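Trainee: My numbering applies: residue 3 is where the sequence shown begins, and numbers increase by one. Glycine included, every Cβ here is placed at the ideal spot set by N, Cα and C. Small disclaimer: the values here were computed from a predicted structure and weren't measured. I have a structure I would like to understand better, so I am pasting it below and will then ask my questions one at a time.
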Amino acid sequence: MMLHKGDKVSVLDEAIEGVVVSVQNNEILIETTDGFLMTYFVNELIKYNITNDLNSFISSDKLHKALHEKKEPIKRSFVKEKKSKKDEFVLEIDLHIEKLVPNKKGLSNYDILTIQMDTAKRQLEFAISKRMPKVVFIHGVGEGVLKAELDFLLGRYENVSFHDANYQKYGLGATEVFIKQRV
């Protein structure tokens, strides 16, 4: 839509009408019917057409419909929702080897466990450095070797407590770690 100086316009989503004072690229300066100068983008304005052809009838019909919709105030809720503890970000680290390496072919059980434990330690150090309050390690059930190694690693940190993660969310194969931040 091309707007020119002198065109009569209405602002979308606001009950403001006015006349175009200047056009610079995509920004249009209008003088409102109340005498204020305001700047809008082209896509925020509707032009009043005064010609008598069919196109102007259609667009003015749309304009009148839009103006009618603007006059009915839309009730908005300004109640601020409090975020619960459940909404806070939790770093989840999946220690399944398929998630850590592109191909586990040729890796011994020792290699796999070493990769998993290095990942766990690196991610835990990251969470501590970024002052994250909680981390969840997803280790799976298996024979319990990874869980035992993870428990041993976590036990070496003074500022860390841990227990089995939420069963409904993670099943039996996850450990939830709480990091006590030093003041």
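Within the chosen definition, does the region 149 to 157 reach the region 131 to 138 through at least 3 CB pairs nearer than 8 Å?
Mentor: The region 149 to 157 vs the region 131 to 138: no contact.
Trainee: Ignoring anything shorter than 4 residues or poking outside the region 97 to 149, list the alpha helix (DSSP H) runs there in chain order.
Mentor: List check, alpha helix (DSSP H) in window: 99 to 102 and 111 to 131.
Trainee: First and last residue of the beta strand (DSSP E) that includes Gln-26?
Mentor: That run of the beta strand (DSSP E) goes 19 to 26.
Trainee: Alpha carbon to alpha carbon, how far is Val-137 from Val-23? Give it in angstroms, no decimals.
Mentor: So the alpha carbons of these two residues sit roughly 57 Å apart.
Trainee: If I measure Cβ to Cβ from Phe-164 and keep anything under 8 Å in the same chain, skipping five residues before and after, which residues do I get?
Mentor: If we look at Phe-164 and ignore the five residues flanking it on each side, its Cβ neighbours are Asp-153, Leu-156, Thr-177, Glu-178, Val-179 and Phe-180.
Trainee: For Glu-151, which three-state DSSP category applies?
Mentor: Of the three classes helix, strand and coil, the one that applies to Glu-151 here is helix, per DSSP.
Trainee: Measure how close the beta-carbons of Thr-41 and Ile-48 come, nearest whole angstrom, since I'm counting them as under 8 Å.
Mentor: Their Cβ separation, rounded to whole angstroms, is 16 Å, which puts Thr-41 and Ile-48 out of contact at 8 Å.
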